[in-house]
DNA sequence: ATTTCTTGATAAGTTTTAACTATCACAGCC
DNA sequence: GGCTGTGATAGTTAAAACTTATCAAGAAAT
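Protein chains in written order, with the UniProt record's numbering: chain A, 1 to 321; chain B, 1 to 321.
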C-alpha cells in the first residue's frame, strides 16, 4: 500500500512528449510507438499518481493545472537521468573515476611526487585519491573494499588479491657526521657490532626488517627511542641518539645536502625492501590496474633508476581469474 | 542504436539498495524481492550503462570506483522522482495547482478584490493566475486550453463548455454634475432622447448592450470618442463629452465620493449584464470548478449584494459528460 | 583437511507488462 | 451528410521481471 504504482522513467518521457505535442498521435510518432501504447502508459501514470495530468477531448489535448504543475518535476527526473547516463558514458570509455590508492607512510611521500606527474600524462583524466596508512591497515582496507589499490611491502598474504612486484629499494645506513665511521662510503658489516640502531615503531614494515638485520649484525636496536616517522628518525640520528637504516627513496628525496649526516652502504650485504602494487583479484578494472603497475615500474626506472632496482619481471602471486 | 538500454528507476533503486547493504541478499530482502531478481536487474543496469558498478565476490560486494562515482547521480534521479511524487500527492488531495482564470477587463478589477480574500479563506492553498482579456479572447483561450476558467458575459456559445450563471449586474447611468438631469436619482427613459452616450470600443461586451439600449431610448452613441477602459470613459464624462452607462461594480469600487459625476437609474428599465463562470465540459477538475462558482455566488451575495443580483438558481448550459 | 555456512550466479518456469493491429465513438469541418 | 482527425478500447503477442530450486566457490569453524 505504501508504494502503489511508482511512475517509470518511460512514463515520464511519454508524458513529456504528449505535453510538448498536445497530441497523442504525433507524440507517439516521435516516440516510435503506437498511439494506444501511449494512451495506456499515460493513463497508467495518472492512475499511479492519482492525478489527472491531461485533459483529452475529441479535438486535441491540454494539460490540466496539475499537469502543468507536475511537468517541470517530471522533466527534472528526466534531466537527472540524462546526467547519470552522460557520466556513465564517460566512465565507460576512459578510466575517469577516482581510484583509491593506499600507500605506506614510509614510501608515499618519497615515491609519488616523482611518479604522479608522468602517470597523469600517460592517463589524462586519471584521478587518484591517495591515502597513507600502515601497511597492515592498507591490506585490511584493500580487502574490505575501502581501497581499490595499495602499494605494499612484499611478501604479503595475497589470498584473494593480485600482487604485482614493482621494485626493490635498498635501506641505507645513516650515521651522525661526528661518528667514527663517518666519511666512508662503504662499511664492513662487522663494524656495526654493538652499534646503537634506531628504528620506527613496530607497526612499520621497516621495523622488522631492521630488527632481523641487527640480530645478524650484532647491532643493538634502541627500543626506547622509536621514531614515529622517517623525519623524526633522521632528527634522532642528527641529535646523536644512534644510527639508522633509512630507505633509499627517503634519502633521495629529503637529503639533497649532506647536513650533519653521513650515508653509507654495507659491503656485500644490502638490506632492502620490495614494493608491489596489489588489488582484489575480481576487481572489474583489474586490467587497468595491471597497466598502472607497469607504468609505475617504467616511470620509476626512468626517474629513480639510480636509487632502486626494478622487479626482474612481472610476478604475480595469489589467486587470479 | 542511439538509446540502447536506458536504466529504469527501479534499477537505480535496486542499485542504491545494494550500495547501502553491500550484500545482495539483505538488499533483496529490503526490496521484498528475491535475490536472483536483484542480480538480474543490477546486471541489466550495468549492461545498459556499460559500466561495472559493483564488484562481486564470494565474500561480499563492493562498489567499483565507477559505481562510487555514479551512485550520487543515481540518487539524484531517485530524489527527483520522490519530489515529483510528493508534489503529485499534494496535487491529488487538495486543489493545490495554479488555475488559470480569465476575466473581462470591465469586471475583473472591480469584482475580484472583493471576492478573492474570502475565496482564499475557503480554499486554503488555492492559487489563481488571473488574466484580463476581452471576452471573445477569453472564450478562445478557454477553448484552446490556455485558460482553465473564465468569467464571461452571458449568453455565450457554450458548445463544449459548462457555463454557470453567477450574477446580474446593472449598468447605471452616469452624467456630468452640471448636466440638466443631475440631482435626480431616477430618470425617466424618455428623458434620454437625443443624449450623447459614450461607450467602450466595440470589442467589449458593454458596447453592444449600450448600443442596443440607445437605439430603443433614442439616445445617440458617440462613436468617435470610444473609451479604451472604464476609467477613461469616466474621465470623458467628467470632461463633459457626454453621458455613459457604467457597470454597478465599477461604480461601487471606484466612485466612493461623488466627484464631478452624478449617478442615476432609469425608471422601470434596468440595463444589465449577466456574468457566468465557464470551463471546458471535460475538465478533470470540473467538480471543483462548480464548487468555485457557487462560492463566488455566495461571496458576491454577502459582500456586493446591494450592487448586484444573484443568479436565480444554478443553470448550466452546453454539453456535459 | 573436511565440513558447514554464506556469498552471488544460473536455470527453468510463471506472471506481469508493454507493445502491436484493428476498430470504435465522437467532434469539427466542408 | 460524408470526411477527417481525435483519443479510447479490445484482443493478441512478445518481452520483461519475477519466482523457486540449485549451483559453485570462498570463509570460517571443526
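Think of the CB as a built atom: it goes at the ideal place given N, C-alpha and C, for glycine as much as any other residue.
Only residues of its own chain outside the window of five on either side were considered, and among them 217, 266 and 269 have a CB closer than 6 angstroms to the CB of residue 189 of chain B, listed in chain order.
Its Cα nearest to that of residue 22 of chain B, the residue B/60 stands out among B/82, B/60, B/162 and B/276. Three or more pairs of CB atoms, one per stretch, sit closer than 8 angstroms, so the stretch 5-15 of chain A contacts the stretch 64-80 of chain A. In the DSSP annotation of this structure, the continuous segment of the beta strand (DSSP E) that includes residue 98 of chain B starts and ends at 98-103.
For residue 148 of chain A, the chain B residues whose Cβ falls inside 7 angstroms of its Cβ are 65, in order along the chain.
Rounded to whole angstroms, the gap between the alpha carbons of residue 219 of chain A and residue 17 of chain B is 57 angstroms.
Secondary structure of residue 204 of chain A (DSSP, three-state): coil. Within the same chain, 128, 129, 130, 131, 147, 148, 149, 150 and 151 come within 8 angstroms of residue 101 of chain B by CB-CB distance, once the 5 residues on both sides are set aside. Counting the other Cβ atoms within 10 Å of the Cβ of residue 36 of chain A gives fewer than 16, which makes it exposed. For the alpha helix (DSSP H) assignment, the uninterrupted runs of no fewer than 4 residues enclosed by the stretch 218-268 of chain A are, from N- to C-terminal side, 230-238 and 248-254. Identification of chain B residues near residue 77 of chain A by a Cβ-Cβ cut-off of 7 angstroms yields 77, 80, 81 and 84, ordered along the chain. When Cβ pairs closer than 8 angstroms are counted between the two stretches, the stretch 235-249 of chain A is seen to touch the stretch 185-200 of chain A, the count reaching three or more. Per DSSP, the beta-bridge partners of residue 60 of chain A are A/57. When rounded, the separation of the alpha-carbon atoms in residue 79 of chain B and residue 207 of chain B is 55 angstroms.
Excluding sequence positions up to five before and after residue 112 of chain B, its CB lies within less than 8 angstroms of the CB of 103 and 130, all in the same chain and listed in chain order.
When Cβ pairs closer than 8 angstroms are counted between the two stretches, the stretch 163-171 of chain A is seen not to touch the stretch 179-186 of chain A, the count staying below three. Residue-level contact by beta carbon holds for residue 55 of chain B and chain A, with a gap shorter than 9 angstroms. Here residue 117 of chain B is exposed. Its C-beta has fewer than 16 other C-beta atoms within 10 Å.
Note on geometry: alpha-carbon atoms of residue 284 of chain A and residue 49 of chain B lie some 14 angstroms from one another. Within the same chain, and ignoring the five residues on either side of residue 211 of chain B in sequence, the residues whose Cβ sits closer than 8 angstroms to its Cβ are 199 and 221.
DSSP, reduced to helix, strand and coil, places residue 127 of chain A within a strand of the structure shown. Linking residue 159 of chain A to residue 93 of chain A through their CA atoms gives a straight-line distance of about 30 angstroms. The beta carbon of residue 248 of chain B lies closer than 8 angstroms to those of 169, 170, 171, 172, 307 and 308 in the same chain, with the five residues before and after it left out.
When secondary structure is reduced to three states using DSSP, residue 138 of chain B falls in the helix class. Under the DSSP assignment, residue 275 of chain B falls in the beta strand (DSSP E) whose first and last residues are 272-280.
The criterion of a C-beta distance shorter than 9 angstroms is not satisfied by residue 62 of chain A and residue 69 of chain A. DSSP links residue 153 of chain A through a beta bridge to A/275.
By the C-beta density criterion, residue 125 of chain B is exposed, having fewer than 16 other C-beta atoms within 10 angstroms. Taking 9 angstroms as the cut-off, the Cβ atoms of residue 294 of chain B and residue 276 of chain B do not count as close. Residue 287 of chain A and residue 155 of chain A have their alpha carbons spaced roughly 22 angstroms apart.
Nearest Cα to residue 203 of chain A within the set A/153, A/239 and A/43: A/153. Of the residues assessed, residue 302 of chain A falls on the exposed side of the cut-off, its CB having fewer than 16 other CB atoms within 10 angstroms. Here residue 175 of chain B carries a strand assignment [DSSP, helix/strand/coil].
Secondary structure note for residue 51 of chain B: it is in no alpha helix (DSSP H), with a DSSP letter that is neither H nor E. The CB of residue 68 of chain B comes closer than 8 angstroms to the CB of 97 and 98 in chain A, given here in chain order.
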